[in-house]
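First the structure, in the form of structure tokens, and then the observations on it.
Residue numbers (the numbering used here): 27 to 206.
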């Protein structure tokens with residue numbers, strides 16, 4: 027009669043496509059703009075890419091409240107890191123911080139999938155995170171219900187070592203294809 031929690035979680039995570047690509051001269055993070063709940067499109071202009079600092083950004087898929095809370099936590103910690111250390115928070119440190127928060131909340135998880143990407147002293151990097159705190163470094167990644175279609179476009183057209191300006195049209199095509 028009532029939906030199981032796993033059914034509800036699956037419905038919440040459906041309907042979003044996020045993409046992260048590491049390029050020779052930076053990273054590209056992109057998402058669709060639809061806010062959905064199951065098959066219902068609640069909003070057509072939802073924000074799903076959040077700047078964290080000048081060198082760092084995060085994409086979100088999942089529960090909006092959980093995602094906004096995580097963005098706020100990461101922004102505050104990135105600013106604090108800069109004040110305490112005198113240099114920007116490394117991309118890997120930002121990803122590890124979010125992974126630790128997600129893992130510590132695994133019994134009552136944040137309904138959130140995230141990509142954290144940016145450029146630091148080690149170069150351009152992207153990390154994919156799941157709701158239970160798993161963190162994996164990627165060079166080309168897509169999450170959400172549109173990811174199988176997005177991966178088809180990305181695998182056919184993206185090559186490692188491409189420049190950001192060469193990659194943006196490919197990523198836009200992948201997002202557009204996934205939304206159809």
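Note that beta-carbon positions come from the ideal geometry of N, C-alpha and C, so glycine has one too.
The Cβ neighbour count for residue 112, taken over all protein chains shown within 10 Å, is under 16; the residue is labelled exposed. Counting every other CB atom within 10 Å of its CB across the protein chains shown gives residue 92 a total of 16 or more, marking it as buried.
Taking residue 47 as the centre and dropping the five residues before and after it, the same chain places the C-beta of 53, 54, 166, 184, 193 and 197 closer than 7 Å to its C-beta, in chain order. In the displayed model, residue 156 falls within coil according to three-state DSSP, outside both helix and strand. If you compare the alpha carbons of 89, 131 and 82 with that of residue 107, the shortest gap goes to 82. The Cβ-Cβ distance between residue 140 and residue 124 falls below 8 Å. Residue 74 and residue 42 have their alpha carbons spaced roughly 9 Å apart.
DSSP lists 45 as the bridge partner or partners of residue 168. Apart from sequence neighbours up to five positions away, the residues of its chain that approach residue 77 with a beta-carbon distance below 8 Å are 83, ordered along the chain.
Taking the Cβ atoms as the reference, residue 157 lies roughly 6 Å from residue 128, within the contact range of under 8 Å. Residue nearest to residue 204 within the set 172, 195 and 187 is 172 (criterion: CA-CA distance).
Beyond the five residues adjoining it in sequence on each side, residue 58 comes within less than 6 Å, by CB distance, of 43, 201 and 205 in the same chain, given in chain order. If you ignore the 5 residues before and after residue 119, its C-beta comes within less than 8 Å of the C-beta of 107, all in its own chain and listed in chain order. Apart from the 5 residues on each side of it in sequence, residue 122 sits with its Cβ closer than 8 Å to the Cβ of 161 in its chain, given in chain order. The three-state secondary structure of residue 123, taken from DSSP, is helix.
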